[in-house]
Every structure is written in structure tokens, then in C-alpha cells.
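*Asks:*
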Amino acid sequence: MDESARNGLVSVIPVVLLLLVGFALPLLFIVYTGFMPSRSFGLIGDPTLENYRIIIADGYWRPLMWSLAFAAATTVLSLVIAWPIAKALVVHAGRFASLISILVAVPVFIAESVRLFGAHLFMMPKGGILAGSMNALFGIDVGSILFTPLATLVGMVYIYLPFAIFPMVLGLSQVPREQVEAAKDLGASGWQTVINVELPIALPGILIGGLLVFVLALGATGEAAILGGQSVVVAVQSIEQRFNYAQDWPLGSALATVLCVITALVVFPSMRRLDVDRLFRR
Amino acid sequence: MESRPLITARIVWTTLIVVLLYLPIISIVLASLANTRFMRFPHRIWSLDAYRDALGLELTYDLQWTSLEVAASVAILAAAFAIPGALAFARYEWPGRSLFQKTLLLPIFFPQSVLGLAALVTMSTMGISPSWKTAVFMHLVWVVPIVTMIVSIRLYGFDVAQEEAAFDLGATRFQSFLAVTLPQMMPGIVSGALFAFLLSWANLPLSAYTSGADSTLPEWLYSRMSTNYAPMVPAVSVLSIVASVFAVVIFQLLRIGWRRHLEERNV
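Going down the list, the protein sequences come from chains Y and L.
Throughout the first sequence, residue numbering follows the working numbering, covering 1 to 282 in sequence.
Throughout the second sequence, residue numbering follows the working numbering, covering 1001 to 1267 in sequence.
1. Roughly how many angstroms separate the alpha carbons of Y/GLU198 and Y/MET123, rounded to a whole number?
2. So for Y/GLN230, helix, strand or coil by DSSP?
3. So what does DSSP say about Y/TYR60, is it helix, strand or coil?
4. Kindly list, in the order they appear in chain Y, the residues whose Cβ is closer than 9 Å to that of L/GLN1184.
5. Output yes or no for whether 7 Å exceeds the beta carbon distance between Y/VAL31 and Y/THR263.
6. How is L/GLN1101 classed by DSSP in three states: helix, strand or coil?
7. Y/ILE201 and Y/GLN174: beta carbons closer than 7 Å?
8. In chain L, which residues lie less than 8 Å from Y/TRP249 when you measure between Cβ atoms?
9. Do L/VAL1245 and L/VAL1143 have their C-beta atoms closer together than 7 Å?
10. In chain Y, which residues lie less than 8 Å from L/GLY1188 when you measure between Cβ atoms?
11. Between L/MET1123 and the rest of its own chain, which residues show a CB-CB distance below 8 Å, the 5 nearest in sequence each way excluded?
12. Tell me which residues of the region 237 to 271 of chain Y have at least one Cβ-Cβ distance to chain L shorter than 8 Å, keeping chain order.
13. What is the rounded straight-line gap between the Cα of L/LEU1253 and the Cα of L/ALA1247?
14. Who are the near neighbours of L/VAL1136 in its chain, counting only those whose CB is closer than 6 Å to its CB and skipping five residues on each side?
15. Could you give the first and the last residue of the continuous alpha helix (DSSP H) run that contains L/ALA1193?
16. With C-beta atoms as the reference, is Y/ILE195 less than 7 Å away from Y/ALA82?
17. Going along chain Y, which residues have a C-beta under 7 Å from L/PHE1081?
18. What residues from chain Y crowd round L/ILE1256, counting only those whose CB sits closer than 9 Å?
19. With L/PHE1041 and Y/GLY139 assumed to form a contact (beta carbons below 8 Å), what rounded beta-carbon distance in angstroms separates them?
20. Please confirm if L/TYR1222 has its CB atom under 7 Å from at least one CB of chain Y.
21. Using three-state DSSP, classify L/LEU1178 as helix, strand or coil.
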């Protein structure tokens, strides 16, 4: 074995150990707990598929459907909103672009719950920031979308939009300017250039962004709790309820396992095609 | 060239969305300037009472301290894990590298609250009692992959020949790593540690299930938002945001100082 290979295998050890103990082990535990009898504790019961029967029979798949719908809608909306922004950041690079990048990045480092609570205060009916200002300034009463599924969706787009923008910028920045100019000189329209020249090259970045938004939105809970109120229950909320209030860890674990399997089904096929080296190397 | 209206539309759109991104944060600041428990905006009396209450309460310092303890440990440990991690990610050619690069993405593409719950189940089965230390460990699982990638981006631009030159001139492998490669990685390590600090400082879903009785700032804020609202809640939120801005400034100063130090040494 040559030296580079040996060094690589040695230097990977700490991170691999961390992921084995902190990621793989907890996942194994939760998958196994999912096969324990409902409402039991510990891992000594006889393995059973009872929890999965309950999930199907007692409507626990409904929150999962909501989460899938929210995740799909959030992904599409985020990508559509992000496209002009990513284009602006790449085409008009310079002081404007760096300021915008910083402004988009800063909120990511503010606790999600705090930002969602800010959105809650903004949307509140009557005494909320928007409704109150509108009433005081123009004397009009605006309604409120707070505590509706729409508020949950708005919250998800708000929280996960930056994760669509930055990978898209990374992808778009790999489109050679000359190629776009050439397409236009040869008579391609704006749309034709986007579809035939820019999209294919920028696709890996867009895919990563879309995938990230989808997976994060699938596992989101704060939006539904803080903005959606009781209007709908999303997947992770239903998992948390099993753990916290019902004290039914096996059923909660089975629900979590289902969510993990769906995440894996989305992530693994896309990841197979991904060339990490090419995405990072300039 | 692109048409004027298209360019204008794009810039207006970008500006609009950025403004929208800040409305909730502005709302938090506005809400903190009230002195009544039930918010009716615009406030009849604008006041800083909530900040006085927040700063006068010992609990806020405990929360800030726990959060700081966690975030600082995560920053230092994440950097320590990411140095060898990035070398394996970007520097060395070894069988399994591509698999490693993809495996590293998995904790990022994973719902954090599910990971937190899974860790809670694991700890309770194994008889480990959760505390801020277990929270640090679980933050690392999520943060180390991110920091490793940040450091790797630096390493991709690194010319391996430099290290070879040091080796040929008689340095040992380890000496040439310390003298040549590590300083090159330093800017990545510093920004990685900063990212780790900020992400850990703001994290709720992992802390909520793995920190046990040691409550971090986002945990306390979340519980007060839902049950016992007072203007102090947005005030503490604003203080926590100010604290992370402060952390960024300190890191930047350290980075400038480090660069000066390098320049002086080279002169």
C-alpha cells in the first residue's frame, strides 16, 4: 500500500469513529426499538411488527403525508425563488453580491425557533407587527394566516431558502460566461439559453440544494408548532408526541424508522451520481 | 448582453426577498421594546424594561454560560476532528475516499430532531445520563461533517509539491505537515471553528433531547415562547443574537491578528 493510501486510512479514523458511535449506533438503536412491543421499555421484549401495523391502521401515516407535501412544495417554491437570486449573485458579482450573500447567510446562524417566533409575532392577528402597523398607519384590518397550513409552508420556505440559494450559486458559477454569450450570438432566446446551456451545467448544485431543502423540510417541526398551531401535525411532531406525551418509545421509534427510510430513499439515489470532488474543486 | 428590464427585475426581486428574510428578526426587536405581557403593536409605551429584566436575571447568565460552554467545546473539538478528516477528504488518495465523502454528507441530510431522539433512546438504554457534555457530542456528529468540508475547500487548492519539497529538504513527514500544510489549512480551520460555534450556539433540536437538565439558550427560549410569554423572551433572543455577532467580531480580530503575526514572521 502506498503512503498516500496509508495516510488517508489513518486520518479518516477519528471522524469515522465519531459517526459510528454518534450516528450509526443511535440509528440502529431506534430501528431495533421500533420492533419492540408498543409501550414497553428497554430492548428485551420479543421483536414484533405490531408498531408498523398500528402505523397503518391508526392513521399515523397522515402526518407523514403532510410532511411529504410540505417538503415537496417547499422545495419547488425555494428553487423558484432562489433562481433569480442565484443568477444575480453570479452575474453581478462584486460588492452587491457579497453584501447579499452575507445578508442571506446571517439568519442561518440565528436559532430557527427564534426566527420562527419572530415570524409568529409578525403574522399575529390584531396586535401583531404587520396587523398592528397596518391598523395604526392606514386604519385597515388585515387578516392573518397564522395557525394555518399556509403559515407552516411560508415558515419552511423562509427557513430553508438559504440552503437552496448557496448550492445553486455554486452550480451556476461553473457555467462559463462565453458559452452563454455564444448561445445568444447563435440566436438562442433567453429561455433556450437557460434550459440548454445553464441548467445542465448548474444541475448538480441545484440538485444538492433541492435535496437539502426537501430532506430538512421533511424533518421540520418548528414551523408547524410555532406558525401552524394545531392546524396540522407533521411527521416529526407525531414522533415527538409518541416519545414525550404518550411515553410510547417503540411506536415513536417505528415512526422515526419510517421517516429515516423515506429520507434514505430520496438521498441515496441522488448521492450515487454525485461527484463531490468536482463540486468543490474550482 | 442581457436586457435592462431583466437585470432590474432580478435585482429588485433579490432585494425584496432579502428584506422579507429580515422581517421576522426586525419583529423580534420591535416586540422586545414593549413593557406589557400581551403584545398590542404599536406599543403604547416603548421601553427597554425587558432588557433591564433580562440583564438583571441570573438565569440568563446561566443559560448564556451553558450555551457558551457547549458552543466553545464544539468549536474546538470540531476543528480537531476536521483536520485529519479534511486530509482524508481532499488531500490523500486512498481506496474508499469517494465513499467517505458521501458518508460524511449523511448527518447533514438527516432530520436533527430524529437524531436527537435516537441519541436519547441510546443513552437511556445504555444508562448514560444526558448533560451538556452529551449535547456537545451530538452537536459534533452534525457539525464535524460541515467543518470538514469547509477545511477541505481550502485543501483542494493546496499544492502537494510544497510538502514534498519540505520532505526532500530533510524534514520528517510530520514536520513538513506542521510547517507547510497546517498553516495553509489554518484559514479554513478558523472559519470552520467559527461555523461550528455559531451552529452549536443556535441549535435547538439536538440540544432539546441530549442536554438533560442543562438548558441552553434556544431551549429556554422555546419553552418560554409557548407557555409563559413576556417581552423578556424577545429581549433575551436579541441578546443571544448580539452575542453571536460578538463572537464573529472576536474571531475576525483573531484572524487579522494571526495574519499580522504570520506577516511579521515572514519579514
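Just so it is clear, CB atoms sit at the ideal spot from N, CA and C, and this is done for glycine as well.
*Replies:* Checking against the coordinates, here is how it stands:
1. As a working mapping, residue 198 of chain Y is identified with position 198 in the first sequence. As a working mapping, residue 123 of chain Y is identified with position 123 in the first sequence. C-alpha separation (whole angstroms): 38 Å.
2. Position 230 of the first sequence, counting from 1, holds the residue named residue 230 of chain Y. Three-state DSSP puts Y/GLN230 in coil, outside helix and strand.
3. Stepping through the first sequence from its first residue, residue 60 of chain Y is reached at position 60. Coil, per DSSP.
4. Against the second sequence, residue 1184 of chain L aligns to sequence position 184. Neighbours of L/GLN1184 on chain Y: none; closest Cβ ~15 Å, over 9 Å.
5. On the first sequence, residue 31 of chain Y is found 31 positions in, with the first residue counted as 1. On the first sequence, residue 263 of chain Y is found 263 positions in, with the first residue counted as 1. No, the Cβ-Cβ distance between Y/VAL31 and Y/THR263 is not below 7 Å.
6. One-based indexing of the second sequence puts residue 1101 of chain L at position 101. L/GLN1101 falls in the helix class under three-state DSSP.
7. Taking the first residue of the first sequence as position 1, residue 201 of chain Y is located at position 201. Taking the first residue of the first sequence as position 1, residue 174 of chain Y is located at position 174. Yes, the Cβ-Cβ distance between Y/ILE201 and Y/GLN174 is below 7 Å.
8. In the first sequence, residue 249 of chain Y corresponds to position 249, counting from 1. Neighbours of Y/TRP249 in chain L, taken as residues whose beta carbon is under 8 Å from its own, are VAL1121 in chain order.
9. Along the second sequence, read from residue 1 onward, the residue named residue 1245 of chain L stands at position 245. Along the second sequence, read from residue 1 onward, the residue named residue 1143 of chain L stands at position 143. Against a cut-off of 7 Å, the Cβ pair of L/VAL1143 and L/VAL1245 comes out as no contact.
10. Position 188 of the second sequence, counted from the first residue, corresponds to residue 1188 of chain L. The contacting residues do not exist; L/GLY1188 stays about 12 Å from chain Y at best.
11. By one-based count along the second sequence, residue 1123 of chain L stands at place 123. So the qualifying residues of the chain are SER1129, PRO1130, THR1134 and THR1210.
12. Result list: ILE239, GLU240, PHE243, TRP249, GLY252, SER253, ALA256, LEU259, CYS260, THR263, VAL267 and MET271.
13. Numbered from its first residue, the second sequence carries residue 1253 of chain L at position 253. Numbered from its first residue, the second sequence carries residue 1247 of chain L at position 247. Those two C-alpha atoms are separated by around 10 Å.
14. Counting from one through the second sequence, the residue named residue 1136 of chain L turns up at place 136. Result list for L/VAL1136: VAL1070, SER1073 and VAL1074, in chain order.
15. As a working note, residue 1193 of chain L is residue 193 in the second sequence. Per DSSP, L/ALA1193 is one residue of the alpha helix (DSSP H) stretching across 1182 to 1202.
16. Residue numbering aside, residue 195 of chain Y sits at position 195 when the first sequence is read from its first letter. Residue numbering aside, residue 82 of chain Y sits at position 82 when the first sequence is read from its first letter. It is not a contact, given that the beta carbons lie outside the stated cut-off.
17. For the purposes of this step, residue 1081 of chain L is taken as the residue at position 81 of the second sequence. Per Cβ cutoff of 7 Å: PRO14, VAL15 and LEU18.
18. Here residue 1256 of chain L corresponds to residue number 256 of the second sequence, with the count starting at 1. Ordered by position in chain Y, no residue passes the 9 Å Cβ test against L/ILE1256, which lies about 17 Å from the chain.
19. Residue 1041 of chain L sits at position 41 when you count from the first residue of the second sequence. Residue 139 of chain Y sits at position 139 when you count from the first residue of the first sequence. That belief does not hold up - the Cβ atoms of L/PHE1041 and Y/GLY139 are roughly 15 Å apart, past 8 Å.
20. Numbered from its first residue, the second sequence carries residue 1222 of chain L at position 222. Taking Cβ atoms only, chain Y reaches closer than 7 Å to L/TYR1222, which makes this a yes.
21. Within the second sequence, the letter at position 178 stands for residue 1178 of chain L. The DSSP-derived three-state label of L/LEU1178 is helix.
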